[in-house]
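Only one structure is covered here, and it is reproduced in the block below.
Protein chains: 2
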Amino acid sequence: MQLNRLVSFYKTMGDPTRIRIVFLLAKGPLHGQAIAGKLGLTPPTITHHLNKLRDINLVYQRRDKNTVYFYLNESVLKQQSSVLAKLADKEEVKKMEELNIENQKVIDNFFTSDGKLKNIPAQRKKKLMVFEHLIKGLKMGKKYEEKELNEYIKQFHEDYATIRREFIINHYMYRENGIYELNPPEMWAKIEG
Amino acid sequence: MQLNRLVSFYKTMGDPTRIRIVFLLAKGPLHGQAIAGKLGLTPPTITHHLNKLRDINLVYQRRDKNTVYFYLNESVLKQQSSVLAKLADKEEVKKMEELNIENQKVIDNFFTSDGKLKNIPAQRKKKLMVFEHLIKGLKMGKKYEEKELNEYIKQFHEDYATIRREFIINHYMYRENGIYELNPPEMWAKIEG
DNA sequence: CACCTAATTAGATATATATCAAATTCATTT
DNA sequence: AAATGAATTTGATATATATCTAATTAGGTG
């Protein structure tokens with residue numbers, strides 16, 4: 533997959549404090565002060581690390597009254613576990629690279645050099661590749677007003693309504709009371725290798 | 533597991549150049565200049581990164597004439613993959629921690645505060661924990677003369693001969709023409725959780 | 001032995017980042 | 001509206017490290 537995503541994951545995990553946070557959260561959600569207490573660090577330090585962990589989608593948070601609970605996102609762990617397992621197998625590495633090249637070709641074909649989408653592919657597989665490319669600019673866990681989402685899509689293509697609808701149909705996003713949010717990757721319409 | 537080992541692994545993987553090297557080697561061994569060429573970097577830089585990758589046992593090398601070929605150590609990838617998978621499962625996390633605590637107790641019981649082994653445990657499970665602790669100072673892929681290995685073991689205990697033999701019996705190491713080398717972890721006598 | 005090629009080491013530079021104290025924001029409760 | 005408690009932001013400091021050039025080491029070959 534995109535190396536950047538991998539590198540960010542490892543770079544983030546490559547810190548003793550963050551690993552300890554991950555192990556703590558692996559046993560269940562905790563609030564900030566609790567983490568700070570257990571690790572003997574100050575709240576700003578914990579915030580700093582939780583920001584990094586959130587950047588790679590490894591934690592998300594929920595507010596209860598006035599304290600914020602942090603949760604581990606298990607699906608990211610599973611994904612990364614599978615990448616490592618594949619790396620140990622030459623056949624799988626080959627498949628990954630082929631998929632990657634194919635994907636790159638499709639992106640090159642359907643996007644102009646300044647990043648606009650020329651048109652929506654008719655072939656399902658290519659269409660999904662294009663959508664996965666489009667949603668890369670959206671943040672997991674963030675809530676989007678319909679208007680805001682439209683604006684985002686318009687960067688790439690006029691027909692934001694169609695694309696927005698496709699995002700829902702293919703389970704990249706879900707809508708609730710007019711608010712849109714990304715689904716976790718394991719719910720997306722799969723591109724079979 | 534020891535957090536340090538994990539942190540070192542992630543810290544090392546958390547660099548774009550090293551990830552690229554890992555992907556290259558995942559397709560098969562390469563020599564230094566080849567890697568430098570493919571990545572557009574200078575040989576000293578490659579040496580720098582290969583040192584780090586070797587430190588976490590992720591690559592080992594073999595010399596052929598006067599070029600050195602670097603290989604990926606797949607067993608490390610598999611191990612790390614499994615750690616990530618377990619982290620996504622609360623039950624497994626609990627088991628890991630319990631095993632860890634138990635292990636720490638045994639080590640504390642059988643080693644003096646300055647790191648000497650008091651005696652070889654009679655119970656098989658404890659014995660294996662002690663051996664796994666002992667071999668932590670040995671480098672994967674390095675070839676040890678019998679004399680050198682004896683010296684290493686003597687740091688911990690007088691009776692190097694017995695311990696050296698136990699290393700072989702329990703498949704922590706193998707011997708060939710009087711030269712000793714570590715086996716990959718998946719061959720070791722297992723401590724069942 | 002002299003030469004060649006590959007790899008490593010040493011030293012320099014530039015960049016990133018973990019942590020804390022102090023100040024600030026934000027939501028809830030009185 | 002004021003007060004409380006949790007989380008975040010800001011700014012400062014100290015430490016680590018990726019990369020390069022130049023110099024060195026090590027093995028192999030004529």
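Those protein sequence lines, which keep their order, are chains A and B.
Converting from the first sequence to our numbering requires adding 532 to each position, the first position being numbered 1.
Converting from the second sequence to our numbering requires adding 532 to each position, the first position being numbered 1.
Cβ atoms here follow ideal geometry from the backbone N, Cα and C, with glycine treated the same way.
- Where Q611 of chain B is concerned, the enclosing alpha helix (DSSP H) starts and stops at E606 to L619.
- Fewer than three Cβ pairs drawn from the segment 559 to 570 of chain B and the segment 572 to 591 of chain A lie within less than 8 angstroms of each other, which leaves the two stretches out of contact.
- Going by DSSP, Y712 of chain B is part of the beta strand (DSSP E) stretching over I711 to L714.
- Less than 8 angstroms divides the Cβ of L670 of chain B from the Cβ of L714 of chain B.
- Uninterrupted beta strand (DSSP E) stretches at least 3 residues long and entirely within the segment 535 to 611 of chain B occur at 591 to 596 and 599 to 604, given in chain order.
- Taking 7 angstroms as the Cβ-Cβ cut-off, the segment 581 to 615 of chain A approaches chain B at E606, L609, K610, Q612 and S613, given in chain order.
- Interface annotation for the segment 641 to 674 of chain B against chain A: empty, criterion Cβ-Cβ distance under 8 angstroms.
- With a cutoff of 8 angstroms on beta-carbon distance, G546 of chain A and V625 of chain B are scored as not near each other.
- Within chain B, the residues L535 have their CB atoms less than 7 angstroms from the CB of R552 of chain A, given in chain order.
- For E664 of chain A, the uninterrupted alpha helix (DSSP H) run begins and ends at R656 to L666, by DSSP.
- The count of Cβ pairs closer than 8 angstroms, one atom from the segment 650 to 669 of chain B and one from the segment 694 to 712 of chain B, reaches three, so the stretches are in contact.
- DSSP, read as helix, strand or coil, puts Y692 of chain A in helix.
- When the beta-carbon positions are compared, P716 of chain B and S614 of chain B stay at least 8 angstroms from each other.
- Residue state for M672 of chain B is assigned as coil, using DSSP reduced to three classes.
- Residue environment for R697 of chain B: exposed (fewer than 16 other C-beta atoms within 10 angstroms of its C-beta).
- Taking 8 angstroms as the threshold, the shortest C-beta distance from M719 of chain A to chain B does not fall below it.
- Around M719 of chain A, the same chain offers H703 as residues with beta carbons nearer than 7 angstroms, after the five sequence neighbours per side are excluded.
- Collapsing the DSSP output to three states places Y704 of chain B in coil.
- When the alpha-carbon of I588 of chain A is set against those of A:G572, A:T574, A:Q612 and A:Y601, the nearest one is in A:Q612.
- Here Y601 of chain A really is in contact with L562 of chain A; their C-beta atoms are around 7 angstroms apart, less than 8 angstroms.
- Chain-ordered, the chain A residues with CB closer than 9 angstroms to the CB of V625 of chain B read F555, A558 and K559.
- The segment 619 to 653 of chain B is shown to contain whole alpha helix (DSSP H) runs of 4 or more residues at 622 to 642, in chain order.
- For Y542 of chain B, the neighbours in chain A by C-beta distance under 7 angstroms run, in chain order, Y542, M545 and G546.
- Excluding its 5 nearest sequence neighbours in each direction, A721 of chain B has C-beta neighbours in its own chain below 7 angstroms: L660, N702 and H703, listed in chain order.
- For L619 of chain B, the C-beta contacts it makes with chain A under 9 angstroms involve V554, F555, A558, L604, E606, L609 and S613, in order along the chain.
- If you draw a 10 Å sphere on the C-beta of T694 of chain B, you find fewer than 16 other C-beta atoms in it, and that means exposed.
- Using a Cβ distance threshold of 8 angstroms, A620 of chain A and L582 of chain B do not count as a contacting pair.
- The criterion of a C-beta distance shorter than 8 angstroms is satisfied by T544 of chain A and L585 of chain A.
- Among the residues of chain B, those whose CB is under 8 angstroms from the CB of K622 of chain A are A558, K559 and G560, following chain order.
- Under the 8 angstroms criterion on CB atoms, L538 of chain A is classed as interfacial with respect to chain B.
- Taking C-beta atoms under 8 angstroms as the contact rule, T549 of chain B and L573 of chain B qualify, at a distance of about 7 angstroms.
- An exposed status is given to L535 of chain B, since fewer than 16 other beta-carbon atoms sit within 10 Å of its beta-carbon.
- A Cβ-Cβ contact shorter than 8 angstroms links F642 of chain A with P653 of chain A.
- Taking C-beta atoms under 8 angstroms as the contact rule, I711 of chain A and K675 of chain A qualify, at a distance of about 5 angstroms.
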